[in-house]
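Peer 1: Those sequence lines, one after another, are chains A and B. Taking my numbering, the leading residue of the first sequence gets 2, the next gets one more, and so forth. Taking my numbering, the leading residue of the second sequence gets 32, the next gets one more, and so forth. Each residue gets a CB set at the ideal place from its N, CA and C atoms; glycine is no exception. All values reported here derive from a predicted model rather than from experimental measurement. Before I ask anything, here is the structure I am working with.
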Amino acid sequence: MEAICCGECSMPIPAELWNRDVARCRGCGQTVAAAVFPAIDRTRAGAQPEAVQADTEASCFYHPSSRAAIPCEQCGRFLCNLCDIEIDGRHLCPRCFETGVSSNQLKHVETSRTMYDSIALALATWPILLFWPAIVSAPASLFVVVRRWRAPSSIVPRTRVRYYLAALLALAEIAGVVFLIYAIVRTASSIPPPPRPIPRVTP
Amino acid sequence: MAKSIYRKLTGRARRLEGYSQLWLAPDHLLLLRSTRFREHYWRFALADIQAIVITDLPSRLPLQTVLAAVSAGWMLIALAVSFWLFKGFFLATGGIAMASVILDIARGPGCRCYLHTAVSRELLTPVNRMRTARAVLAQLRPAIEAVQGSIPMEQLPAFDERVFSPPATAAPPEIAAKPSYLPEVVFGVFLVNAAFILLSVLLKNRSQVSSFLVSSLPGELVLAAVALFRRSKDPRRYIFLLIGVALLGIGWDFIELCRVFVHWFQQAAEAGARGRPAPMSILTDSIFTRDHAFEAAAWRTAAAAIGFALARFERRVAQPQAAPVAVPEIQ
Chain A
2 MEAICCGECS MPIPAELWNR DVARCRGCGQ TVAAAVFPAI DRTRAGAQPE AVQADTEASC
62 FYHPSSRAAI PCEQCGRFLC NLCDIEIDGR HLCPRCFETG VSSNQLKHVE TSRTMYDSIA
122 LALATWPILL FWPAIVSAPA SLFVVVRRWR APSSIVPRTR VRYYLAALLA LAEIAGVVFL
182 IYAIVRTASS IPPPPRPIPR VTP
Chain B
32 MAKSIYRKLT GRARRLEGYS QLWLAPDHLL LLRSTRFREH YWRFALADIQ AIVITDLPSR
92 LPLQTVLAAV SAGWMLIALA VSFWLFKGFF LATGGIAMAS VILDIARGPG CRCYLHTAVS
152 RELLTPVNRM RTARAVLAQL RPAIEAVQGS IPMEQLPAFD ERVFSPPATA APPEIAAKPS
212 YLPEVVFGVF LVNAAFILLS VLLKNRSQVS SFLVSSLPGE LVLAAVALFR RSKDPRRYIF
272 LLIGVALLGI GWDFIELCRV FVHWFQQAAE AGARGRPAPM SILTDSIFTR DHAFEAAAWR
332 TAAAAIGFAL ARFERRVAQP QAAPVAVPEI Q
């Protein structure tokens, strides 16, 4: 059992001060509130596999000397108590678990996600400060919006407003760039060419 | 959009590199850390949470008061200058600093919150204020107790024997902090600056001295501020009071220097407008007026002298007396 410590001085907090509204740490004298729950008293030993007693008994695919307890719901391999991984109400073997994590099929063990909407919005906003990078970043932002529109967003509630903002800003920037190029071309074409030198006529 | 299983527990605790936030699901707590473009998730099953420990952090009210006073002083400089651009600059920057200090005070005392499981002790960064901590605990405690139940108060003493191998009733042994020499360095810099300030008005070729002062005066301020920030590691007290008073002197010098600079700037602007030659650069001449230089050198010398004496006295008092070593008798 780990000791419950003060967050300031790491001094263990005695049990008599647990679950009180206000208590003083005996190490640093700061006010501490330790909410302790029955899990503190739980033993940390994991499930123990049982040994195979007879040749006719099914054994674990990964541990031939251990008795099989349950089959993997994905691949059907027999698993002992040690190899059984229960996740989202399903029993999986370590290999299927690994595959599920790497292919993002197990939502409850996903540890990170990329926020494409934030990337699109950043591409549409930051480069404006320097103006000229918007020539590249605005189409890039629009590409991210179109390409990643259906990509999974955050696992916590998050609106699509960043996508909408990024698309609007990117379209406005592209329109601005096109207009600028048009204006430059038009101005350049309206300037009369320099007069040709008149050839000298010799009598 | 599909209905999410998550309920927001805290607001976003923003940092330079991203933010963190706490969410509550029916069976677990989610700590979200974002680097703006990627989110990382830490899940803690409600059944596995052993404890949540909230520790009140030491009060920062003295520091906040000093910062508010400095911000107010900064804004007051606007009264000493006449050029509208400088007025706006001092008012705007001082106002922003003052607003951030007031916001910090309004958010209440800070705290540190740790979540304990059987295999980890995780700092919950979004819970950084006591007000937030109380609100989070009020929501989290019923959710965890619905899964685990609660520990009866009469069973609590029994945990002491199992949790602590050594009894935790005594305070940890006190480690005697050896005073650093930073305050002495600050007083030394005061003395050096006093000498250079005097030289800057007495010498004929003073440009080198003025250039040196441009670097050494901010250095003096930084050293004094660092010494004050690190004072908790030093058992001496009066020298830090003296450094605090000296900071007021530095502030006064700063205001005077701003006045000199603004006066020079106005002269330069006027000369430019009338087509006359610009006045001598402020660094070529002395940055102090003669009267102000004597005042600045005097208070620095006095502070250094008193500071050295106090530092020596307090160091002697603070140092623990070494236990006498028993000398064996020679037969």
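(1) Excluding the 5 residues flanking residue 199 of chain B on each side, which residues of the same chain have their C-beta closer than 6 Å to its C-beta?
(2) Which residue wins for smallest C-alpha separation from residue 1 of chain A, given the options A:101, A:32, A:60, A:135?
(3) Strictly below 8 Å CB to CB, what residues from chain B border residue 39 of chain A?
(4) Would you mind listing the beta strand (DSSP E) stretches within the segment 242-312 of chain B that are 3+ residues and don't spill past its ends, in chain order?
(5) Starting from residue 31 of chain A, find everything on chain B with Cβ-Cβ shorter than 8 Å and list it in chain order.
(6) Residues of chain B with CB closer than 9 Å to the CB of residue 102 of chain A, please, in chain order.
(7) Taking the alpha-carbon positions, what's the residue 254 of chain B to residue 154 of chain A distance?
(8) Chain B partners of residue 73 of chain A, CB-CB under 8 Å?
(9) Candidates B:158, B:102, B:125: which alpha carbon is nearest residue 87 of chain B's?
(10) Between residue 37 of chain B and chain A, is the shortest Cβ-Cβ distance under 8 Å, so that the two count as touching?
(11) Considering residue 144 of chain B, what are the terminal residues of the beta strand (DSSP E) in which it resides?
(12) If you count every other CB in all the chains shown that lies within 10 Å of the CB of residue 1 of chain A, and 16 or more means buried, which is it?
(13) Would you tell me roughly how many angstroms separate the C-alpha atoms of residue 161 of chain B and residue 168 of chain A, rounded to the nearest one?
(14) Any idea what DSSP makes of residue 162 of chain B, helix, strand or coil?
(15) Report the residue from B:115, B:80, B:78, B:127 whose alpha carbon sits nearest the alpha carbon of residue 102 of chain B.
(16) Would you mind stating whether residue 41 of chain B and residue 163 of chain B have Cβ atoms separated by less than 8 Å?
(17) Against residue 158 of chain A, what residues of chain B qualify as contacts under a CB-to-CB distance less than 7 Å, listed in chain order?
(18) Give the DSSP bridge partners of residue 153 of chain B, in chain order.
(19) With distances taken Cα to Cα, identify the nearest neighbour of residue 171 of chain A among A:125, A:134, A:52.
(20) In the segment 41-59 of chain B, which residues sit with their C-beta less than 7 Å from some C-beta in chain A, listed in chain order?
(21) State buried or exposed for residue 344 of chain B, treating a residue as buried only when at least 16 other CB atoms are found within 10 Å of its CB.
(22) Here's the rule I'm using: 16 or more other beta-carbon atoms within 10 Å means buried, otherwise exposed. How should residue 15 of chain B be labelled?
(23) Taking 8 Å as the CB-CB limit, is residue 55 of chain A close to chain B?
(24) Can you check which of these residues, B:60, B:57, B:35, B:64, is closest to residue 44 of chain B by C-alpha distance?
(25) Could you check what DSSP says for residue 37 of chain B in three-state terms: helix, strand or coil?
(26) Restricting to Cα atoms, I'd like to know which of A:132, A:94, A:99, A:43 is closest to residue 81 of chain B.
(27) How would you label residue 306 of chain B, buried or exposed, when you count the other beta carbons within 10 angstroms and need 16 or more for buried?
(28) Identify which residue in B:73, B:120, B:265 has its Cα closest to the Cα of residue 209 of chain B.
(29) So, is the C-beta of residue 9 of chain A closer than 8 Å to a C-beta in chain B?
(30) Please state whether DSSP places residue 198 of chain B in a helix, a strand or coil.
Peer 2: Based on what the coordinates show:
(1) Because residue 199 of chain B carries a pLDDT of 49, less than 50, the predicted location of this residue cannot be relied on, and the following value inherits that uncertainty. Shown here for residue 199 of chain B: not one same chain residue has a beta carbon closer than 6 Å to its own, the five before and five after excluded.
(2) The structure shown has nothing for residue 1 of chain A, since chain A only spans 2 to 204.
(3) Under the 8 Å cutoff, chain B gives 179, 180, 181, 182.
(4) Runs of the beta strand (DSSP E) inside the segment 242-312 of chain B: none found.
(5) Neighbourhood of residue 31 of chain A in chain B, by CB distance below 8 Å: 86, 87, 88, 89, in chain order.
(6) Residues of chain B passing the Cβ test: none, with the nearest at roughly 13 Å.
(7) Taking the straight line joining both Cα atoms gives about 48 Å.
(8) Going along chain B, no residue has its Cβ under 8 Å from residue 73 of chain A, so there is no contact; the nearest lies around 22 Å.
(9) For residue 87 of chain B, the nearest C-alpha among the options comes from B:158.
(10) For residue 37 of chain B, the answer is yes, since a Cβ of chain A falls inside 8 Å of its Cβ.
(11) Where residue 144 of chain B is concerned, the enclosing beta strand (DSSP E) stretches over 142-147.
(12) Outside the displayed range of chain A (2 to 204) lies residue 1 of chain A, so it cannot be described from this structure.
(13) Their Cα atoms are separated by approximately 41 Å.
(14) Correct three-state label for residue 162 of chain B: helix.
(15) Ranking the options by Cα distance to residue 102 of chain B, first place goes to B:127.
(16) For residue 41 of chain B and residue 163 of chain B, yes; Cβs fall inside 8 Å.
(17) Within chain B, the residues placing a beta-carbon under 7 Å from that of residue 158 of chain A are 35, 37, ordered along the chain.
(18) Bridge partners of residue 153 of chain B according to DSSP: B:146.
(19) Distances from the alpha-carbon of residue 171 of chain A to those of A:125, A:134, A:52 put A:125 closest.
(20) Taken in chain order, the members of the segment 41-59 of chain B whose beta-carbon sits within less than 7 Å of a beta-carbon on chain A are 54.
(21) It is exposed - the Cβ of residue 344 of chain B has fewer than 16 other Cβ atoms within 10 Å.
(22) As displayed, chain B neither begins before 32 nor continues past 362, which places residue 15 of chain B out of reach and without an answer.
(23) Output row for residue 55 of chain A: interface = no.
(24) Relative to the Cα of residue 44 of chain B, the nearest Cα in the group B:60, B:57, B:35, B:64 belongs to B:64.
(25) Residue 37 of chain B carries a coil assignment under DSSP once its states are collapsed to helix, strand and coil.
(26) Nearest option by C-alpha distance: A:43.
(27) With fewer than 16 other Cβ atoms inside 10 Å of its own Cβ, residue 306 of chain B counts as exposed.
(28) Residue 209 of chain B has its Cα closest to that of B:265, out of B:73, B:120, B:265.
(29) Chain B contact via Cβ: present.
(30) In this predicted model, residue 198 of chain B has a pLDDT of only 48, less than 50, meaning its place in the structure is not dependable; the value taken from the coordinates is given anyway. Residue 198 of chain B falls in the coil class under three-state DSSP.
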